[in-house]
Amino acid sequence: MRLATLRTGTGTGTGTGTGTGTGTRTETSPGTVAVRVDGDSAVAIDGVADVGELLQQPDWRTTAERASGRTLPVADADWAPVVPHPSKIVCVGLNYRTHILEMGRELPSAPTLFAKYPEALIGPYDPIVLPEYAAHAVDWEAELAVVLGASARRLSPEQAQTAIAGYSVLNDVTMRDYQYRTPEWFQGKTFEATTPFGPVLVTPDEHQLGTELTSVVDGETMQSATTDDLVFGPAALISYISQIVTLNPGDVIATGTPGGVGHARKPPRYLGDGMRLTTAVAGIGSITSTVIVER
233 MRLATLRTGT
243 GTGTGTGTGT
253 GTGTRTETSP
263 GTVAVRVDGD
273 SAVAIDGVAD
283 VGELLQQPDW
293 RTTAERASGR
303 TLPVADADWA
313 PVVPHPSKIV
323 CVGLNYRTHI
333 LEMGRELPSA
343 PTLFAKYPEA
353 LIGPYDPIVL
363 PEYAAHAVDW
373 EAELAVVLGA
383 SARRLSPEQA
393 QTAIAGYSVL
403 NDVTMRDYQY
413 RTPEWFQGKT
423 FEATTPFGPV
433 LVTPDEHQLG
443 TELTSVVDGE
453 TMQSATTDDL
463 VFGPAALISY
473 ISQIVTLNPG
483 DVIATGTPGG
493 VGHARKPPRY
503 LGDGMRLTTA
513 VAGIGSITST
523 VIVER
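Residue 412 in our numbering is what sits at position 180 of the sequence shown, and the numbering runs on without skipping anything.
Right, dumping it as structure tokens:
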């Protein structure tokens, strides 16, 4: 099953509803609706504003499967972040073997964790709008996102697997100059409205690890790996994090990025004004955003 959150009014987003990622964000928040995506159409899950709200229901899967609300054409949809307001976004650094090796590090014995705030999230086709002062070392980080479908507290990896609602696509767009101002990464990782997320959540019965993860900048493939190159897989991450803090339905884990980031290239390469960033996970979908630098 494939689930998404669609905008139903005017305001924040592309402004056109075409999903081109080239428009301008505003401060107005439109209405949204959770939908089940069936091929070229989306079926509204009546009374549920977004996928995060849906996942709060113990019987969320049955609710989504039985939904029979109005049908919306996917081609004309204005996509919001698949979970717009998670209570937690836990990110994982240095979790792909290829990326760890390119950064000159040894494989870790425990995950490297940091946090991102929900305000960082944008829809899968929204533009990445940056202030000029933060636009000098903007890097791409293609990631598989894992979304919780049940509470997780001190779970074993086997138990953690059953807490997964599904998988999505995320790019942890990073301001490297801010990231490396201090040993803590947070300030370079959670700039507002910089993290495209979506387009859909795909349930585990329809997606297996091992598919290709890519990032493409202006038509050039920068990252390509398979999601089974993770040092710590989704269940292991949920288990580990749940020993520290309770994870709630709708919480998001960004599982890390593979090799090929711009900062590790010689010379380094970064995103700039007008560039298009496409991130994809085979079997889930792709997301595309255009970088806009505010002058």
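Positions of the beta carbon are idealized from the N, C-alpha and C atoms, including for glycine.
Bridge partners of residue i, per DSSP?
i, result
"PHE525", "The question names Phe, but residue 525 in the sequence shown is Val. The partner list for VAL525 (beta bridge, DSSP) reads LEU362."
"LYS192", "With the chain represented from 233 up to 527, any question about residue 192 goes unanswered, as that position is not in the structure."
"PHE464", "The partner list for PHE464 (beta bridge, DSSP) is empty, contrary to what the question assumes."
"GLN455", "SER447"
"THR264", "ARG239"
"ALA274", "VAL269 and LEU304"
"VAL477", "Note: VAL477 sits in no beta bridge, so no partner."
"GLY517", "VAL513"
"ARG385", "BP columns for ARG385 are empty, so no partner."
"ASP371", "THR406"
Taking its Cβ as the centre, do 16 or more other Cβ atoms sit within 10 Å of residue i, making it buried, or is it exposed?
i, result
"GLY253", "Reliability fails at GLY253, whose pLDDT of 44 lies under 50, so the model's placement of it is uncertain and the value that follows must be treated cautiously. Result: buried."
"GLY420", "buried"
"ILE473", "buried"
"GLY251", "In this predicted model, GLY251 has a pLDDT of only 42, less than 50, meaning its place in the structure is not dependable; the value taken from the coordinates is given anyway. Buried, by the Cβ-count rule."
"VAL448", "buried"
"THR426", "buried"
"ILE476", "exposed"
"TYR328", "buried"
"THR406", "buried"
"SER521", "buried"
"PRO363", "exposed"
"ASP450", "exposed"
"THR394", "exposed"
"LYS498", "exposed"
Starting from residue i, follow the alpha helix (DSSP H) in both directions and report where the run begins and ends.
i, result
"TYR399", "No alpha helix (DSSP H) holds TYR399; the beta strand (DSSP E) holding it covers 396-403."
"VAL283", "283-286"
"PRO490", "Careful: PRO490 lies outside any alpha helix (DSSP H) and carries neither H nor E."
"LEU333", "329-334"
"ARG408", "408-411"
"GLN419", "418-421"
"ALA392", "389-393"
Suppose you measure from the CA of residue i to the CA of residue j; what does that come to, to the nearest Å?
i, j, result
"PRO428", "SER400", "11 Å"
"PRO313", "VAL306", "15 Å"
"PRO436", "MET233", "9 Å"
"LEU235", "VAL432", "5 Å"
"LEU238", "ILE277", "11 Å"
"GLY515", "THR443", "7 Å"
"ALA486", "THR240", "27 Å"
"PRO415", "ASP409", "12 Å"
"GLU334", "LEU462", "15 Å"
"ASP272", "ASP308", "10 Å"
"THR330", "GLY430", "24 Å"
"LEU279", "PRO318", "Per the sequence shown, the amino acid found at residue 279 is Gly instead of Leu. Distance between the alpha carbons of GLY279 and PRO318 is about 19 Å."
"HIS439", "ASP483", "19 Å"
"THR258", "PRO359", "Confidence at THR258 is low in this model, with a pLDDT of 36, below 50, so the placement of that residue is unreliable and no value is reported for it."
"TRP292", "VAL275", "15 Å"
"PRO290", "GLY398", "15 Å"
"LEU441", "VAL513", "10 Å"
Between which two residues does the beta strand (DSSP E) harbouring residue i extend?
i, result
"PRO428", "427-434"
"GLU297", "Premise fails: GLU297 lies in the alpha helix (DSSP H), 292-298, not in any beta strand (DSSP E)."
"GLU375", "374-380"
"ALA512", "508-513"
"ALA486", "484-486"
I'd like to know if residue i contacts chain C, where contact means its C-beta is closer than 8 Å to some C-beta of that chain.
i, result
"GLU390", "No chain C is present in this structure, which holds just one protein chain."
| field | contact_flag[the region 295-312, the region 446-463] where n(CB pairs < 8 Å) is 3 or more | value | no
| said: Would you call the region 378-387 in contact with the region 516-526, where contact means no fewer than 3 C-beta pairs closer than 8 Å? | reply: no
| Quick one: any contact between the region 463-483 and the region 263-272, if contact means 3 or more CB pairs under 8 Å? | no
| query | Using 8 Å as the Cβ pair cut-off and three pairs as the minimum, do the region 501-518 and the region 337-350 touch? | reply | no
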